[in-house]
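These notes concern the structure reproduced below.
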Amino acid sequence: MHFPSHVARTVGIGGLLLFLVHVTNAACQADEIKNDDDSLPKTELAVLNRFCMECHDAETQEGELDLAAILTAPIAKHSSIWEKVVRKLTTRHMPPLDANRPSSKQYTSIVAVLVSRLDHHAERHLDPGPPKNLRRLNRTEYQNVIRDLLALDIDASTLLPADEPSHGFDNVTVDELSPVLLNRYVSAAQKISRLAVGTGGAPAGVTFRPPPDKSQEDHVLGLPLGTRGGMLINYHFPQDGIYEFQVHLTRDRNEHIEGLNGAHDMEILLDREKKASFEVKAGRDHSLADANLKKRVVVKGGPRKVGVTFIKKPKSLIETKRKPYIARFNYHRHPRQNPAVFQLSITGPFDASKTIETPSRKRIMIASPQEGESLDVAAQKIVKRLTRLAHRRPVTEADLKRPMTFFREGLEEGGFDAGIEAALSSILVSPRFLFRVEQPTEQVASGKTYTLNDIELASRLSFFLWSSIPDDELLSLAERGKLSNPEILKQQVQRMLADPRSSSLVNNFANQWLYLRNLDSITPNHRLFPDFDDNLRQAFRIETELFFDSIIKENRSLTQLPQADYTFLNVRLAKHYQIPSIYGTRFRKVKLQPIHHRGGLLRHGSILTVTSYATRTSPVLRGNWVLENILGSPAPPPPDDVPELEENSVDENLPIRDRLSQHRANPACASCHNLMDPIGFALENYDAIGRWRTHQDGVKLDVSGSLPNGQTYSGIKGLEKSLLARPELFVTAFTEKLMTFGLGRGIEPTDGPAIRKIVKAAADDDYRFSSVILGIVNSVPFRMSKAL
């Protein structure tokens, strides 16, 4: 059947607009701060007068900060400003290194006084920060929700546009729904509903391609041993039927198939079972060698792993000097040694048989027309369950009215399954599904603080830890009002962290926090780095993901993220790192020795590569990465009138340290580069793709550096030691990033007391991962909101 085509009729545009206006019709007003008598003591006042007023008096106001106007006023009256002062003094970023600075004792004293006053005020005046009462599911969340709601794996990147990141994450600026995006959601809902219910339709085709710089000389993880190259993909076959598989091989710019030097055996596999085999060899017309690499196969509907690969020839097992890990392929410089898969196309079903029980249908069809039970009653059972999970709350009769209307229309056009498909589509475009909504259950004045109810808490929790909807257990506890019980809440957090769905903290949170998503767009210069390819790119990613996942699953101390004595390697990455005795494509945990020069995040090839340029390292990018992600104090953006380093009249034959020194001669550049560059210099022992080195162009590298607090060190070991001399700084930075992700908004000065409380409690548990998670979940910003 065809889903009703009129968009307004499908989703109720008028109703949607009214819904959005109702939720967002007022601006949030901040709580009025009472002027508590908590001004600075004389001793601390004298310290600030002596060391800060030269730059931050009424006349100078450097950084737009006028301390003279607030020094003698109650601290609580200007808490947002004092929170910023606390951050600068805690990290010792101020005063500047070239100015007179307080002693360590004076730093400690002034910070302690400010923190005590601010935290005391926060306890008496709970402030969860600006509200985020309406938030659309972003693309990653949408994909995960479809997986958990319908047992259907989709690639949301083919259905929805990417979300614009803010504050480092793409779940922050997602409070709007344009007409164009709405149409994309409608189209996605129709396609997903058809796949999930399995009502079929005309044969459809889809094409998969491996990255063009992927080496296909090695075994692909997940494919049978003794094979090389090709690809392995997950594909959902909507129905039982006949599907056609067609393979095309890579070609050079003359349209000749690359590496076709003899006969090669190829196989197509479904769930590791061989379904087709071919012999690929050059013929009279070289370009036609892959013309007949297609086969029609009877396939049982549902999710399947589809593989296409070559049988590995014994002679290709030997790596020679003339055939290393070639990465960049072009006909003249690095021709392929063997054929490689360019794309795999799947088309079907042809001659589809009757609908079969896929995991999606089993998840959806919890009722069916029985003797004595009408079609309408069976449909209502199905729709009620789907709506409850999709809306993340108990269902009302009003919630069921629209999907049941569409069920009845679909029933008339195409039968029971077609009706369920139509009902499901209407659920997937309803505002209650597409938006996470938080509203006080009782009348609360605009701008006033209130505690989230258990239903809202369940959604916050599941989207934080799973980037998806609450499961039945979590939602049931919330419906009974038991989730907010502290002991039950703790048990649920621990359960959710142990669940495989917590992998979203790796592939969603960590991938964005650590810039791993940028790896796909990184292409080092192939003349300077011929060994870099997609195999290495993916190995970089997997190493860091497995490492972060081990911190979660083993509940390790967060202090092991910057410095650890283990990592995860396969043969490709071990060769790159020059670590011997690692074999096979499977990743395994490896105990490291100092001679390996590997360990925590700062030594991972992924981090070192995304903080480099295509032709060289960048102490600036690396230094700022450490400032932002380890110390939580990113350098401000450069002034608009400051040119890039490459545009300056700098001698490019000089070492990078000397070139940056000339750049810092510009006073407009010095304030930021004096913070970033000395940190980045400590990482110069790693080149632009993370290989260890001690010299560059025959000259021994100078890897000495310093932190913003003036502490000096040499090399990566010295940097790690200096960073962890005060572990609370890194844990604070990590907590801020994780809280930003969990709340879906940037960190505000009002969050300072909550963050300090979380970090302090985590310190008593060796800064273990679960301690920070529980601290965030129990914090005021997470458990409370403000009425619009």
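Take 59 as the starting number for the sequence shown in my numbering and just add one per residue.
Glycine residues also receive a C-beta, built at the ideal position from the N, C-alpha and C atoms.
On a predicted model such as this, the values are computed, not experimentally measured, just so you know.
* Go ahead and pull the three-state DSSP assignment for Val844. => As a first step, residue 844 is located in the sequence shown; it is residue number 786 there, counting from the start. Note on identity: in this sequence residue 844 is Lys, with Val being the wrong assignment. In this structure, Lys844 counts as strand in the three-state DSSP scheme.
* Report yes or no: do three or more beta-carbon pairs, one from the stretch 346 to 357 and one from the stretch 300 to 312, lie closer than 8 Å? => yes
* Asked: What are the boundary residues of the alpha helix (DSSP H) that Val173 is part of?
  -> Against the sequence shown, residue 173 aligns to sequence position 115. Start and end: 162 to 182.
* Asked: Taking C-beta to C-beta, are Val105 and Pro160 nearer than 9 Å?
  -> For this step, residue 105 is matched to residue 47 along the sequence shown. For this step, residue 160 is matched to residue 102 along the sequence shown. Their beta carbons are under 9 Å apart, which means Val105 touches Pro160 by this criterion.
* **Beta-carbon proximity check, Asn191 vs Val487, cutoff 9 Å** => Along the sequence shown, one-based indexing puts residue 191 at 133. Along the sequence shown, one-based indexing puts residue 487 at 429. Cβ distance not < 9 Å, so Asn191 and Val487 don't count as in contact.
* To do: With a cut-off of 8 Å on the beta carbons, I'd call Pro261 and Glu316 a contact; round off their distance for me.
  => Here residue 261 refers to the residue found at position 203 of the sequence shown. Here residue 316 refers to the residue found at position 258 of the sequence shown. In this structure Pro261 is not in contact with Glu316, their Cβ atoms being roughly 31 Å apart against a cut-off of 8 Å.
* Asked: What span of residues does the beta strand (DSSP E) with Phe590 cover, start to end?
  -> Within the sequence shown, numbered from 1, the residue matching residue 590 stands at position 532. Taken as a continuous stretch (DSSP letters only), Phe590 belongs to no beta strand (DSSP E), as it is neither H nor E.
* To do: Taking only the alpha-carbon atoms, compute the straight-line gap between Gly804 and Asp457 and give it to the nearest angstrom.
  => Locating residue 804 in the sequence shown gives position 746, counting from the first residue. Locating residue 457 in the sequence shown gives position 399, counting from the first residue. Straight-line measurement puts the Cα of Asp457 at about 33 Å from the Cα of Gly804.
* Roughly how many angstroms lie between the CA atoms of His322 and Asp276, to the nearest whole one? -> Here residue 322 is taken as the residue at index 264 of the sequence shown, counted from 1. Here residue 276 is taken as the residue at index 218 of the sequence shown, counted from 1. Roughly 15 Å separates the two Cα atoms.
* Measure the CB-CB distance between Asp822 and Ser828 and report whether it falls below 9 Å. => Taking the sequence shown and counting its residues from 1, the one referred to as residue 822 is at position 764. Taking the sequence shown and counting its residues from 1, the one referred to as residue 828 is at position 770. Cβ atoms of Asp822 and Ser828: not closer than 9 Å.
* Just reading off the alpha helix (DSSP H) that His449 is part of, what are its end residues? -> By one-based count along the sequence shown, residue 449 stands at place 391. Start and end: 433 to 449.
* **C-beta atoms of Ile600 and Phe567 nearer than 9 Å** => Here residue 600 is taken as the residue at index 542 of the sequence shown, counted from 1. Here residue 567 is taken as the residue at index 509 of the sequence shown, counted from 1. No, these two residues do not count as a Cβ contact at 9 Å.
* When you compare each of Phe408, Thr454, Gly468, Pro407 to Asp434 by their alpha carbons, which one comes out closest? -> Along the sequence shown, read from residue 1 onward, the residue named residue 434 stands at position 376. Nearest of Phe408, Thr454, Gly468, Pro407 to Asp434, Cα basis: Gly468.
* Asked: Quick one: what's Val355 bridged to in DSSP?
  -> Position 297 of the sequence shown, counted from the first residue, corresponds to residue 355. According to DSSP, which records beta bridges pairwise, Val355 is partnered with Tyr301.
* To do: Output yes or no for whether 9 Å exceeds the beta carbon distance between Leu547 and Leu515.
  => Locating residue 547 in the sequence shown gives position 489, where the first residue counts as 1. Locating residue 515 in the sequence shown gives position 457, where the first residue counts as 1. In this structure, Leu515 lies closer than 9 Å to Leu547 by Cβ.
* **8 Å CB neighbourhood of Pro452 in its chain, flanking five on each side removed** => Reading the sequence shown from its first residue, position 394 is the one you call residue 452. Here the set comprises Arg446, Ile513, Glu537.
* To do: Confirm, please, whether the CB-CB distance from Gly263 to Thr405 is below 9 Å.
  => As a first step, residue 405 must be located in the sequence shown, where it is residue number 347. As a first step, residue 263 must be located in the sequence shown, where it is residue number 205. Cβ atoms of Thr405 and Gly263: closer than 9 Å.
* **Proximal residues to Ser799 (C-beta, below 6 Å), its chain only, five neighbours per side dropped** => In the sequence shown, residue 799 corresponds to position 741, counting from 1. At residue 799 the sequence reads Phe, which differs from the Ser that was named. Within the same chain, Phe799 has close Cβ partners Phe227, Phe567.
* **Range covered by the beta strand (DSSP E) that runs through Gly406** => What you label residue 406 is simply residue 348 of the sequence shown in a count that begins at 1. 399 to 408 is the span of the beta strand (DSSP E), which, as asked, contains Gly406.
* Delimiting residues of the alpha helix (DSSP H) encompassing Asn687 -> Counting from 1 along the sequence shown, the entry for residue 687 is found at position 629. Start and end: 677 to 687.
* To do: Taking Gly37 and Leu650 to be in contact with their CB atoms under 8 Å, please state how far apart those CB atoms are, rounded to whole angstroms.
  => What the structure shows of the chain is the stretch from 59 to 846, and residue 37 is not part of that stretch, so it cannot be assessed.
* Going by Cα to Cα distance, which pick from Asn312, Pro807, Leu482, Ser615 is closest to Tyr243? -> Residue 243 sits at position 185 when you count from the first residue of the sequence shown. Of Asn312, Pro807, Leu482, Ser615, the residue nearest in Cα terms is Leu482.
* Asked: What three-state label does DSSP hand Asn543 in the structure shown?
  -> By one-based count along the sequence shown, residue 543 stands at place 485. In this structure, Asn543 counts as coil in the three-state DSSP scheme.
* Any idea if Pro269 is buried or exposed, counting beta-carbon neighbours within 10 angstroms, 16 or more meaning buried? -> Taking the sequence shown and counting its residues from 1, the one referred to as residue 269 is at position 211. Pro269 is exposed by the Cβ-count criterion.
* To do: Could you tell me whether the stretch 131 to 147 touches the stretch 760 to 777, using the rule of 3 or more Cβ pairs below 8 Å?
  => Contact fails between the stretch 131 to 147 and the stretch 760 to 777, because fewer than three Cβ pairs, one in each stretch, are under 8 Å apart.
* **Same chain, Cβ closer than 7 Å to Leu604, neighbours up to 5 away in sequence not counted** => On the sequence shown, residue 604 is found 546 positions in, with the first residue counted as 1. Counting only Cβ-Cβ distances below 7 Å, and skipping sequence neighbours, we find Phe626, Phe645.
* To do: Let me know the secondary structure DSSP gives Ala262 once reduced to three states.
  => Taking the sequence shown and counting its residues from 1, the one referred to as residue 262 is at position 204. Assigned with DSSP and collapsed to three states, Ala262 falls in strand.
* May I have the straight-line CA-CA distance separating Phe840 from Cys113, to the nearest angstrom? => For the purposes of this step, residue 840 is taken as residue 782 along the sequence shown, with counting starting at 1. For the purposes of this step, residue 113 is taken as residue 55 along the sequence shown, with counting starting at 1. In a straight line, the C-alpha of Phe840 is about 37 Å away from that of Cys113.
* Would you decide whether Gly833 is buried or exposed? Buried here means 16 or more other CB atoms lie within 10 Å of its CB. => Here residue 833 corresponds to residue number 775 of the sequence shown, with the count starting at 1. Burial call: buried.
* Asked: Run through DSSP, which three-state label would Asp323 get?
  -> Counted from its first residue, the sequence shown places residue 323 at position 265. In the structure shown, Asp323 sits in a strand (DSSP, three-state: E or B).
* Asked: Buried or exposed: which applies to Leu283, given that a residue is buried once 16 or more other Cβ atoms fall within 10 Å of its Cβ?
  -> As a first step, residue 283 must be located in the sequence shown, where it is residue number 225. Leu283 comes out exposed.
* **Exposure label - Asn83; buried when at least 16 CB within 10 Å** => Taking the first residue of the sequence shown as 1, we reach residue 83 at position 25. Low local confidence applies: a pLDDT of 43 at Asn83 is under 50, so the model's placement there is unreliable, with the coordinate-based value given in what follows. With fewer than 16 other Cβ atoms within 10 Å, it is exposed.
* Smallest Cα separation from Leu424: which of Ile326, Leu444, Ser561? -> Translated into the one-based positions of the sequence shown, residue 424 becomes position 366. The question names Leu, but residue 424 is Ile in the sequence shown. Across the set Ile326, Leu444, Ser561, the C-alpha of Leu444 shows the shortest separation from the C-alpha of Ile424.
* Candidates Asp213, Asp233, Ile212: closest to Glu222 by CA position -> Here residue 222 refers to the residue found at position 164 of the sequence shown. Closest by alpha carbon: Asp233.
* Among the residues of its own chain, which have a CB less than 8 Å from the CB of Met851, if the five just before and after it don't count? -> Residue 851 lies beyond the residue range present for the chain, which begins at 59 and ends at 846; the question has no answer from this structure.
* Asked: How big is the Cα-Cα spacing for Ala214 and Thr673?
  -> Stepping through the sequence shown from its first residue, residue 214 is reached at position 156. Stepping through the sequence shown from its first residue, residue 673 is reached at position 615. Approximately 34 Å, taken between the alpha carbons.
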